[in-house]
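Colleague: The opening position of the sequence shown corresponds to residue 1190 in our numbering, with each subsequent residue numbered one higher. Right, I'll just put the structure down here and ask away after.
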Amino acid sequence: MSKKIPFVFLTLFLVFPKGYAQDIEVLKQGIENSIGSKNAIVGVAINGMKREDTLSINGQRHFPMQSVFKFPIALTILSEVDKGNFSLDQKIKIKKSELLPGLWSPIRKKYPEGGTLALSEIIKYMVALSDNIGCDVLLKLLGKPQVVENYFSNIGFKDFAVKINEETMQNNWDLQFLNWTTPREANKILSTFYKNEKGLLSKKNHDFIWRVMKETQTGKKRLKGQLPKETVVAHKTGWSGKHKETGITAAVNDIGIIFLPNGEYFILSVFITESAEDFETNEKLIADISKMAWDYFTGK
């Protein structure tokens, strides 16, 4: 005698046709619950390889990028390399006078008297190690910070602004907000350049920047914090530090592409601003969001 399929089973089948353990709206609610307990403003954008695997929270809000903007700077430089204006092998001299003591710089640590580095090496320092001096050297090579904004505006990215360099940004709290984007736009940039839509970069330069992004060493407790150790994450972090008087943190960010065991990937951008939480709490929140997204896409 055949048995009728329970109504509950049919309901679950209709809600979860992909076999995921939760619906995208359940994931969004879980993230909102985590955010709701924090004294901070948080922006999140998630895009899977399927259109329905998309969500955003404060996705259109302007967030200060801090060092996240080093990824777009690298893309702008590489577009100039493709035009023949620069070469990855090009030697660039960094003077001792450019090694400003107030800026985070592994370059300064390795070359305290200054040195001559290949353009490719400076890009690696800037992206993988978030070197501020290397960043400003490359912005100077481009001419001015606005060249980065103009490049992205010309190829269709409107929710994005770069007005100042690291030296200016690190020496004036209020000015850091001039370099901003939205979580949705950050995901769009990641997706567009990873897919290399419209051939924006040559294959050589495309492969180069994504190899560097996968080698990023900053923010190990953010997007990667709770994921399996073998997980490949191509990402870029940013952090403002705390305001000396108010104790407020303007930016703790991480944007990236997270690769799944089945060969697929999802894109995740998390921006935290106006946070009264401590650094560890901010980082853990990013890691929590990343883990919830991971569990969604892996069906846990």
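Every residue, glycine too, gets a C-beta built ideally from N, C-alpha and C.
With DSSP run on the structure shown, which of helix, strand or coil describes H1395?
Modeller: If DSSP states are grouped into helix, strand and coil, H1395 belongs with the helices.
Colleague: Return the chain-ordered list of same chain residues with a C-beta closer than 6 Å to the C-beta of N1376, the five sequence neighbours on each side being excluded.
Modeller: If we look at N1376 and ignore the five residues flanking it on each side, its Cβ neighbours are A1234, N1236, I1456, S1458.
Colleague: Tell me the DSSP bridge mates of S1464?
Modeller: Its beta-bridge partners are T1438.
Colleague: Would you mind listing the alpha helix (DSSP H) stretches within the stretch 1269 to 1307 that are 4+ residues and don't spill past its ends, in chain order?
Modeller: Correct list: 1295 to 1299.
Colleague: Taking the Cβ atom as the reference point for each residue, do F1164 and T1462 lie within a distance shorter than 8 Å?
Modeller: Because the chain here runs from 1190 to 1489, residue 1164 falls outside it and cannot be looked at.
Colleague: Just how far apart, CA to CA, sit G1273 and L1267?
Modeller: Straight-line Cα distance between these residues: approximately 10 Å.
Colleague: Tell me which residues share the same chain as N1442 and place their Cβ nearer than 6 Å to its Cβ, disregarding the 5 neighbours each side in the sequence.
Modeller: These residues qualify, in order along the chain: V1257, G1427, F1460.
Colleague: Assuming contact is defined by CB atoms lying nearer than 8 Å, are I1447 and T1405 in contact in what I supplied?
Modeller: Cβ atoms of I1447 and T1405: not closer than 8 Å.
Colleague: Checking the sheet assignment: what are the DSSP bridge partners for K1329?
Modeller: DSSP output for K1329 lists no bridge partner at all.
Colleague: Based on DSSP bridge pairs, tell me the residues matched to I1230.
Modeller: In the DSSP output, where bridge partners are listed per residue, I1230 has T1462.
Colleague: Terminal residues of the continuous alpha helix (DSSP H) containing S1342?
Modeller: Per DSSP, S1342 belongs to the alpha helix (DSSP H) from 1335 to 1343.
Colleague: Between which residues of its own chain and L1412 is the CB-CB distance below 6 Å, once the five residues before and five after are set aside?
Modeller: The answer, listed in chain order, is V1422, H1424, D1443, G1445, S1479.
Colleague: Report the partner residues of W1428 according to the DSSP bridge assignment.
Modeller: W1428 pairs with V1441.
Colleague: Are at least three pairs of beta-carbons, each pair with one atom in the stretch 1297 to 1310 and one in the stretch 1331 to 1338, less than 8 Å apart?
Modeller: No, the stretch 1297 to 1310 is not in contact with the stretch 1331 to 1338.
Colleague: Is I1235 helix, strand or coil when you go by DSSP?
Modeller: Looking at I1235 - three-state DSSP - the assignment turns out to be strand.
Colleague: Can you tell me the Cα-Cα spacing of E1356 and N1247, whole angstroms?
Modeller: Rounded to whole angstroms, E1356 to N1247 spans 29 Å at the Cα level.
Colleague: Apart from the five residues just before and just after H1432, which ones in its own chain have a Cβ nearer than 8 Å to its Cβ?
Modeller: Cβ within range, chain order: W1362, T1438, A1439.
Colleague: Determine the extent of the beta strand (DSSP E) in which I1378 is found, giving its start and end residues.
Modeller: It is not in any beta strand (DSSP E) - I1378 instead sits in the alpha helix (DSSP H) that spans 1372 to 1384.
Colleague: Out of D1467, G1452, K1239, state which residue places its alpha-carbon closest to the alpha-carbon of G1436.
Modeller: Closest by alpha carbon: D1467.
Colleague: Between I1213 and L1244, how many whole angstroms is the CB-CB distance? I'm expecting something under 8 Å.
Modeller: Correct: roughly 6 Å between the Cβ atoms.
Colleague: Relative to the alpha-carbon of Q1415, which residue among A1482, K1285, S1226 has its alpha-carbon at the smallest distance?
Modeller: Of A1482, K1285, S1226, the residue nearest in Cα terms is A1482.
Colleague: Can you have a look at R1240 and say buried or exposed, based on whether 16 or more other CB atoms are within 10 angstroms of its CB?
Modeller: So R1240 counts as exposed.
Colleague: What residues are listed by DSSP as bridge partners for P1253?
Modeller: BP columns for P1253 point to W1369.
Colleague: Between which residues of its own chain and P1295 is the CB-CB distance below 8 Å, once the five residues before and five after are set aside?
Modeller: Only Y1314, L1318, D1320 meet the Cβ criterion.
Colleague: Helix, strand or coil for T1243 per DSSP?
Modeller: The answer is strand: DSSP assigns T1243 an E or B state.
Colleague: I need the DSSP call for L1364, collapsed to helix, strand or coil.
Modeller: Note: L1364 maps to helix in three-state DSSP.
Colleague: Taking the C-alpha atoms as reference points, what is the distance between K1217 and N1368?
Modeller: The alpha-carbon atoms of K1217 and N1368 are separated by roughly 27 Å.
Colleague: Sort I1475, L1474, G1430, I1378 by Cα distance to K1259 and report the nearest one.
Modeller: Ranking the options by Cα distance to K1259, first place goes to I1378.
Colleague: Per DSSP, what are the beta-bridge partners of L1457 in this structure?
Modeller: BP columns for L1457 point to I1235, G1445.
Colleague: Would you mind giving the Cβ-Cβ distance between I1322 and L1288, rounded to the nearest angstrom? I have them listed as a contact below 8 Å.
Modeller: With 8 Å as the limit, I1322 and L1288 qualify as a contact, their Cβ atoms being about 6 Å apart.
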